[in-house]
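K.L.:
Pasting a structure below so you can have a look.
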Amino acid sequence: NNAATTLTSYILFTFWAFLLRINGQLVALKVIHMKTEEGVPFTAIREASLLKRLKHANIVVLHDIIHTRESLTFVFEYVQTDLAQYMSQHPGGLHSHNVRIFVFQLLRALSYIHSRRILHRDLKPQNLLISYLGELKMADFGLARAKSVPSQTFSSEVVTLWYRPPDVLLGSTDYSTALDMWGAGCIFVEMLQGKPAFPGDATEFEQLQTIWAVLGVPSEDNWPGVSQLPNYKPGQFTLPASCNDSTLLNQLPYKTEDLVQKMLKAAPADRISAQDSLQHPYFSTLPAPIRHLRDTVSIFKVPGVHLETEVRDVFNPGRRLKPTLLPTAKCW
Amino acid sequence: MKNPGAAESRRLVVLLEAALLREARLWKVPVFRNGCIQGADISSSQHQDMILWLGDMSRMFHFCPETFALGVCILNRLLSTVKAQPKYLKCIAFTSLVLAAKINEEDEVIGSMKDLVMQSGCNFSTAEILRMERIILDKLHWDLYTATPVDFIHIFHALLVSGHPHLVPSIGLGSGKTPPDFQAVLWTRQVQHCMACHQLWQFKGSTLALAIITLELEVLTPDWFSVFTDLLKKAQIDSGEFIHCKEMVDEYLRSLEFSLPANAVYIFDSAQIQDEERARSPMQRLGQARRGRGSAEQGDCDEYYDGLRHLYSEEASPGAEGSADVSAQKNVSPCPPLHPAVN
Numbered sequence: 014n015n016a017a018t019t020l021t022s023y024i025l026f027t028f029w030a031f032l033l034r035i036n037g038q039l040v041a042l043k044v045i046h047m048k049t050e051e052g053v054p055f056t057a058i059r060e061a062s063l064l065k066r067l068k069h070a071n072i073v074v075l076h077d078i079i080h081t082r083e084s085l086t087f088v089f090e091y092v093q094t095d096l097a098q099y100m101s102q103h104p105g106g107l108h109s110h111n112v113r114i115f116v117f118q119l120l121r122a123l124s125y126i127h128s129r130r131i132l133h134r135d136l137k138p139q140n141l142l143i144s145y146l147g148e149l150k151m152a153d154f155g156l157a158r159a160k161s162v163p164s165q166t167f168s169s170e171v172v173t174l175w176y177r178p179p180d181v182l183l184g185s186t187d188y189s190t191a192l193d194m195w196g197a198g199c200i201f202v203e204m205l206q207g208k209p210a211f212p213g214d215a216t217e218f219e220q221l222q223t224i225w226a227v228l229g230v231p232s233e234d235n236w237p238g239v240s241q242l243p244n245y246k247p248g249q250f251t252l253p254a255s256c257n258d259s260t261l262l263n264q265l266p267y268k269t270e271d272l273v274q275k276m277l278k279a280a281p282a283d284r285i286s287a288q289d290s291l292q293h294p295y296f297s298t299l300p301a302p303i304r305h306l307r308d309t310v311s312i313f314k315v316p317g318v319h320l321e322t323e324v325r326d327v328f329n330p331g332r333r334l335k336p337t338l339l340p341t342a343k344c345w
Numbered sequence: 089m090k091n092p093g094a095a096e097s098r099r100l101v102v103l104l105e106a107a108l109l110r111e112a113r114l115w116k117v118p119v120f121r122n123g124c125i126q127g128a129d130i131s132s133s134q135h136q137d138m139i140l141w142l143g144d145m146s147r148m149f150h151f152c153p154e155t156f157a158l159g160v161c162i163l164n165r166l167l168s169t170v171k172a173q174p175k176y177l178k179c180i181a182f183t184s185l186v187l188a189a190k191i192n193e194e195d196e197v198i199g200s201m202k203d204l205v206m207q208s209g210c211n212f213s214t215a216e217i218l219r220m221e222r223i224i225l226d227k228l229h230w231d232l233y234t235a236t237p238v239d240f241i242h243i244f245h246a247l248l249v250s251g252h253p254h255l256v257p258s259i260g261l262g263s264g265k266t267p268p269d270f271q272a273v274l275w276t277r278q279v280q281h282c283m284a285c286h287q288l289w290q291f292k293g294s295t296l297a298l299a300i301i302t303l304e305l306e307v308l309t310p311d312w313f314s315v316f317t318d319l320l321k322k323a324q325i326d327s328g329e330f331i332h333c334k335e336m337v338d339e340y341l342r343s344l345e346f347s348l349p350a351n352a353v354y355i356f357d358s359a360q361i362q363d364e365e366r367a368r369s370p371m372q373r374l375g376q377a378r379r380g381r382g383s384a385e386q387g388d389c390d391e392y393y394d395g396l397r398h399l400y401s402e403e404a405s406p407g408a409e410g411s412a413d414v415s416a417q418k419n420v421s422p423c424p425p426l427h428p429a430v431n
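Chains as they are written, first to last, in the numbering used here: chain A, 14 to 345; chain B, 89 to 431.
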């Protein structure tokens, strides 16, 4: 688990020098080598000071910081895997019950940070750690930032393209918590279908095309103000009629479809908030007490909450279930 | 602007409570004894000059007011934690601002460390700044997100807009053509001025912010009292300390008034609001109110503050608040006769 990241010129590289046993507890080390002229990278300062004030069962715990002249080491709680790895281990879509449990925890973490006016701004499966129990922990707050109440303009170059909402792709810098809700919606779909919701090609224009192919091209009628966005050009997005269908969303069971659609609204103002989404009927099959836990208590403390065994497992192909037990179609 | 509702108000109260908790945990300012920071040779005027200089730097680098406020909070926390020598004061202050910028500003705004140092006109070496950065992060345990006075201005402003929508047209909280955060910008500027006044440091950011807003509300609306008690209650601010702070802020801001661009802004405001049937010009209102406050304060302030304290400690029952409103509306003076409301 040592993804080398070159984030900005400030950082030469960052890696996870995993697994150390301190006081009998497993920890993960994130080592950041510094280019000396700029001091501590802003991503590290933001991440550390944010994690100092965020105490939540679905947010990774930062135990300690070791700061020397050349490097900076963050000591995190050790979490076994992340959602990207989990999905590649269980291809073709996750068990619908497990998706529900993961999405609930993701929205719980988002509701917590959003109520403190903090945006994550870089949601993607790699940044969601998964414990062996199934606990989801939001990590990598390097691009997160505390946000004061009136909306400020942020630079638009922050979110990984596949999880970037259309308003930001169209050049809006006036984004808010709806930014993270779009990313969460994309991850939701990816867990269900086993492949990314909007795997666009390299450019922002192509990413928008991929989105419009599913949601339809927006207009002033369904998204007031869209034509005022910096990168909006009328007539720019004309899709072949055959392309303009929403089969992607129509295959879903009703309640799932409803929540996914509320999260993946093109117009940011129409997107459901994290707090409201936790009350959605999609979660009604989970035990009621999980909605009334203290921030720091894991949902797995509630009796009856557990992960189901995934149907497919690339590490245990022999354990494959009988074909009749597999979902009939490649749908969620 | 989003239409405010009860849910938004609840969300803001959660936000305010989180900010108050952070303030209670992290707010710290140096103690002054005999004109110097206790345990160090830094005088209050040196300290004050440094904060004014940080304000200049912050403007020059195009940082937002939140960054300036956070930089000052980091500086004050450090000075109250370690014994600093005067010769390092500028380096500490500058590094505090750089740290605040790294947290608050987008990276493309910050620029390289070398450029910042060069523009500042200081002759620190980068190595000095980096060493100081390490010391500050270490001494403050990397825990830099203090809730600043500017944060509280924004939160209180949002609470006013969402909780008292009837005020929006009357006091220009985002009415008509003025931008929604117009008043907040004005208050932010005032709070920045107050942060450079060492007598005002002894008050927490939440108290300072509420004092500034209340002074303004008194002038802008006859309905200010019920609005203010609501905010005071939500912010769990001690009323005695609040009264003390408000008096000092009032005095300080009036001493600055000639240099404040605030008056110019009022004139601009009046132009915007005139179409909304404003009978008197805000300049008249302002003048009258300021005079009124000046003369009324001498004689009436004891009774007035007693009344205030009384009202607050009795939880300001809805009936009492209501009648305070009525009496306030009859008399547009900034100090409404409160006694009937209490007794």
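Virtual Cβ for every residue (Gly too), placed ideally from N, Cα, C. Being a predicted model, the structure only gives us computed values, none of them experimental.
Give a yes or no on whether the C-beta atoms belonging to Asp129/B and Pro174/B are separated by under 9 Å.
P.N.:
Along the second sequence, read from residue 1 onward, the residue named residue 129/B stands at position 41. Along the second sequence, read from residue 1 onward, the residue named residue 174/B stands at position 86. Their beta carbons are under 9 Å apart, which means Asp129/B touches Pro174/B by this criterion.
K.L.:
Can you check whether the CB of Val238/B is closer than 9 Å to the CB of Glu154/B?
P.N.:
For the purposes of this step, residue 154/B is identified with residue 66 of the second sequence, where counting begins at 1. For the purposes of this step, residue 238/B is identified with residue 150 of the second sequence, where counting begins at 1. Against a cut-off of 9 Å, the Cβ pair of Val238/B and Glu154/B comes out as a contact.
K.L.:
Against chain A, does Val433/B count as a neighbour if the rule is that its beta carbon must be under 9 Å from one of theirs?
P.N.:
Any answer about residue 433/B is impossible in this case: the structure gives chain B only from 89 up to 431.
K.L.:
Around the Cβ of Ser343/B, are there at least 16 other Cβ atoms within 10 angstroms (buried) or fewer (exposed)?
P.N.:
Numbered from its first residue, the second sequence carries residue 343/B at position 255. The residue in question, Ser343/B, is exposed, as its Cβ has fewer than 16 Cβ neighbours within 10 Å.
K.L.:
Taking 9 Å as the threshold (C-beta atoms), are Phe156/B and Met283/B in contact?
P.N.:
Locating residue 283/B in the second sequence gives position 195, counting from the first residue. Locating residue 156/B in the second sequence gives position 68, counting from the first residue. The answer is yes: Cβ separation under 9 Å.
K.L.:
Whole angstroms is fine: what's the gap from Asp193/A's alpha carbon to Pro179/A's?
P.N.:
Within the first sequence, numbered from 1, the residue matching residue 193/A stands at position 180. Within the first sequence, numbered from 1, the residue matching residue 179/A stands at position 166. Computed Cα separation, rounded: 12 Å.
K.L.:
Would you check if there are 3 or more beta carbon pairs closer than 8 Å linking the segment 94–114 of chain A to the segment 229–246 of chain B?
P.N.:
No contact exists between the segment 94–114 of chain A and the segment 229–246 of chain B.
K.L.:
Tell me whether Thr94/A sits in a helix, a strand or coil according to DSSP, three-state version.
P.N.:
In the first sequence, residue 94/A corresponds to position 81, counting from 1. Of the three classes helix, strand and coil, the one that applies to Thr94/A here is strand, per DSSP.
K.L.:
Establish whether the CB of Leu225/B and some CB of chain A are separated by less than 9 Å.
P.N.:
Reading the second sequence from its first residue, position 137 is the one you call residue 225/B. Leu225/B counts as touching chain A.
K.L.:
Does the segment 118–133 of chain A come into contact with the segment 209–225 of chain A, if we say contact requires no fewer than three beta-carbon pairs (one atom in each stretch) closer than 8 Å?
P.N.:
Too few Cβ pairs lie closer than 8 Å, so no.
K.L.:
Determine, using beta carbons only, whether Leu225/B and Ile58/A come nearer to each other than 9 Å.
P.N.:
For the purposes of this step, residue 225/B is identified with residue 137 of the second sequence, where counting begins at 1. For the purposes of this step, residue 58/A is identified with residue 45 of the first sequence, where counting begins at 1. In contact: Leu225/B and Ile58/A (Cβ atoms closer than 9 Å).
K.L.:
Please decide whether Gly52/A counts as near chain B, where near means a Cβ-Cβ distance under 9 Å.
P.N.:
Indexing the first sequence from 1 puts residue 52/A at position 39. With 9 Å as the cut-off, Gly52/A counts as an interface residue toward chain B.
K.L.:
Helix, strand or coil for Ala107/B? Go by DSSP, reduced to three states.
P.N.:
Reading the second sequence from its first residue, position 19 is the one you call residue 107/B. Three-state result, Ala107/B: helix.
K.L.:
Could you work out which residues of chain A lie near Thr302/B, taking near to mean beta carbons separated by less than 7 Å?
P.N.:
Position 214 of the second sequence, counting from 1, holds the residue named residue 302/B. Residues of chain A passing the Cβ test: none, with the nearest at roughly 19 Å.
K.L.:
Within 9 Å of any Cβ in chain B, is that where the Cβ of Lys43/A sits?
P.N.:
Looking up residue 43/A in the first sequence gives position 30. Closer than 9 Å: no.
K.L.:
By the criterion of Cβ-Cβ separation under 7 Å, what are the contact partners of Glu221/B in chain A?
P.N.:
Locating residue 221/B in the second sequence gives position 133, where the first residue counts as 1. Here the neighbours are Gly52, Val53.
K.L.:
Find the residues of chain B that neighbour Ala61/A, judging by a C-beta separation of less than 7 Å, and give them in chain order.
P.N.:
Mapped onto the first sequence, residue 61/A falls at position 48. Here the neighbours are Trp230.
K.L.:
Output needed in chain order: residues of the segment 79–113 of chain A with a Cβ under 7 Å from some Cβ in chain B.
P.N.:
Taking 7 Å as the Cβ-Cβ cut-off against chain B, the residues of the segment 79–113 of chain A that qualify are His80.
K.L.:
Decide if the segment 97–109 of chain B is in contact with the segment 317–334 of chain B; the criterion is three or more beta carbon pairs, one per stretch, under 8 Å apart.
P.N.:
The segment 97–109 of chain B is in contact with the segment 317–334 of chain B.
K.L.:
DSSP on Ala377/B, reduced to helix/strand/coil?
P.N.:
In the second sequence, the residue the question calls residue 377/B occupies position 289. Below a pLDDT of 50, predicted positions are generally treated as unreliable, and Ala377/B, at 43, falls in that range; the measurement from the model is reported next regardless. It is helical.
K.L.:
Short check: CB of Ser168/B to CB of Val117/B, under 9 Å?
P.N.:
Your numbering for residue 168/B matches position 80 in the second sequence. Your numbering for residue 117/B matches position 29 in the second sequence. Result yes, Cβ atoms of Ser168/B and Val117/B sit closer than 9 Å.
K.L.:
Under a CB-based cut-off of 9 Å, is Lys321/B close to chain A?
P.N.:
If you number the second sequence from 1, residue 321/B lands on position 233. Not closer than 9 Å to any Cβ of chain A, the Cβ of Lys321/B fails to qualify, so no.
K.L.:
So what does DSSP say about Pro349/B, is it helix, strand or coil?
P.N.:
Start at 1 with the first residue of the second sequence, and residue 349/B comes out as number 261. Here the model assigns Pro349/B a pLDDT of 48, short of 50, so the residue's position is not dependable, and the following value carries that caveat. Looking at Pro349/B - three-state DSSP - the assignment turns out to be coil, as it is neither helix nor strand.
K.L.:
So the beta strand (DSSP E) Ile79/A belongs to, where does it begin and stop?
P.N.:
In the first sequence, residue 79/A corresponds to position 66, counting from 1. That run of the beta strand (DSSP E) goes 75–80.
K.L.:
DSSP on Ala112/B, reduced to helix/strand/coil?
P.N.:
As a first step, residue 112/B must be located in the second sequence, where it is residue number 24. In this structure, Ala112/B counts as helix in the three-state DSSP scheme.
K.L.:
Find out if the Cβ-Cβ distance for the pair Glu270/A, Leu107/A is shorter than 9 Å.
P.N.:
Locating residue 270/A in the first sequence gives position 257, counting from the first residue. Locating residue 107/A in the first sequence gives position 94, counting from the first residue. Contact: no.
K.L.:
With a threshold of 9 Å between beta carbons, is Tyr340/B in contact with chain A?
P.N.:
The residue you call residue 340/B lines up with position 252 of the second sequence. No, its Cβ sits nowhere closer than 9 Å to a Cβ of chain A.
K.L.:
Could you tell me the distance, in whole angstroms, from the CA atom of Leu39/A to the CA atom of Leu177/B?
P.N.:
As a working note, residue 39/A is residue 26 in the first sequence. As a working note, residue 177/B is residue 89 in the second sequence. Roughly 42 Å between the two C-alpha positions.
K.L.:
What span of residues does the alpha helix (DSSP H) with Lys321/B cover, start to end?
P.N.:
For the purposes of this step, residue 321/B is taken as the residue at position 233 of the second sequence. Element bounds for Lys321/B: 312–322.
K.L.:
For Ala297/B, collect the residues of the same chain with a Cβ closer than 7 Å to its Cβ; drop the 5 residues on either side in sequence, then sort them by chain order.
P.N.:
Here residue 297/B refers to the residue found at position 209 when the second sequence is read from its first residue. Cβ neighbours of Ala297/B beyond the five flanking positions: Pro237, Phe240, Ile241, Phe244, Val279.
K.L.:
Taking the alpha carbon of Phe154/A as the reference point, which residue from Trp275/B, Thr302/B, Ile191/B has its own alpha carbon closest?
P.N.:
By one-based count along the first sequence, residue 154/A stands at place 141. Among Trp275/B, Thr302/B, Ile191/B, the Cα nearest to that of Phe154/A belongs to Ile191/B.
K.L.:
Quick one: grab the DSSP three-state call for Ile217/B.
P.N.:
Sequence index remark: in the second sequence, residue 217/B carries index 129 (1-based). DSSP places Ile217/B in helix when its eight states are reduced to three.
K.L.:
How many Å lie between Arg82/A and Leu142/A at the Cα?
P.N.:
On the first sequence, position 69 is the one that residue 82/A refers to. On the first sequence, position 129 is the one that residue 142/A refers to. Roughly 29 Å separates the two Cα atoms.
K.L.:
Under 8 Å from any heavy atom of the ligand NAP, does the C-beta of Leu146/A make it?
P.N.:
Absence of the ligand NAP is noted for the structure shown, with no ligands found whatsoever.
K.L.:
For Lys65/A, decide whether its Cβ has a neighbour in chain B, counting only Cβ atoms nearer than 9 Å.
P.N.:
Mapped onto the first sequence, residue 65/A falls at position 52. Closer than 9 Å: yes.
K.L.:
Under 9 Å between beta-carbons, which chain B residues line up against Ser128/A? List them in chain order, please.
P.N.:
For the purposes of this step, residue 128/A is identified with residue 115 of the first sequence, where counting begins at 1. Chain B residues near Ser128/A: Arg99, Val102, Leu103, Ala106.
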